[in-house]
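For what it's worth, UniProt numbering labels the leading residue of the sequence shown as 1, then goes sequentially. Below you'll find the structure, written out as C-alpha cells, and then a few comments.
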Amino acid sequence: MNFDKLQAFAASSPLLTSIFVVVTVALLFTEVARLFRGYKALRPAELTALINRDNALVVDLSASADFEKGHIAGSRNVTSSQFDPENKLLAPARNLPVVLVCRAGNASADAAKRLKKAGFTQVYWLEGGIAAWQQADLPLVKGR
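This is how it looks when you write it as C-alpha cells:
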C-alpha cells in the first residue's frame, strides 16, 4: 500500500478515517497518562517478586468476609470504607513499597491514586486484583 492509496481511502471514507483518528488519539492519551500517574500496575508475578525482593506492604481493600475467604499471604486488610492514607498501618510505610489489592482491581487503582497524592513514594496496585492472582494459579490464604 502506498501513500496515494491511503489518501484516496481517507478521502472516500471520512467516517472511518475520523473514527481511526479518534481511537488513535484516545490510545495515545491513555498511554501518556499512564506514564505520569505516579503509581504502577503490577501483574501477579511482578507482585510476587516485589514481595520477595523488597518486603512490600500488601494492603487488601476487600470486605472483611471476602478477605477471610482468601487473600495473599502476608497482606493486611483495610476495607475500602476505612481506607485513609493516614491510617496507622499505612502512615509508617510512606517511603516503602505499598501494594494495593482488591477483588477486581478497580478499588485498588483508586486507592493508589489517593496514596500517591498523599506523598507515598512507591505505590503499586495489582492489576486485575485477586481474580488475576487466582488466574495465575497463585495461592490464597484463608482466615484472618
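Note that beta-carbon positions come from the ideal geometry of N, C-alpha and C, so glycine has one too. Note that the structure is predicted; figures quoted are calculated from it, not measured.
Is the beta carbon of Trp125 less than 8 Å from the beta carbon of Ala112?
yes
Roughly how many whole angstroms lie between the Cα atoms of Ser81 and Leu115?
Whole-angstrom Cα-Cα distance: 15 Å.
Out of Ala131, Leu90, Leu138, which one is the CA nearest neighbour of Gly119?
Leu90
Compare the Cα-Cα distances from Ala131 to each of Asn95, Phe67, Phe83, Lys88 and report the closest residue.
The option with the nearest alpha carbon to Ala131 is Phe67.
Who are the near neighbours of Gly128 in its chain, counting only those whose CB is closer than 6 Å to its CB and skipping five residues on each side?
Gly105
How about Val98 and Gln134: do their beta carbons lie closer than 8 Å?
no
With a cut-off of 8 Å on the beta carbons, I'd call His71 and Leu140 a contact; round off their distance for me.
6 Å
Have a look at Ser75, Phe83, Ser12, Lys69 and flag the residue whose alpha-carbon is nearest the alpha-carbon of Asn52.
Ser75
Can you tell which of Leu138, Val78, Leu15 has the C-alpha that lies nearest to the C-alpha of Ala45?
Answer by Cα proximity: Leu138.
Anyone know if the C-beta pair for Leu61 and Leu100 falls short of 8 Å?
yes
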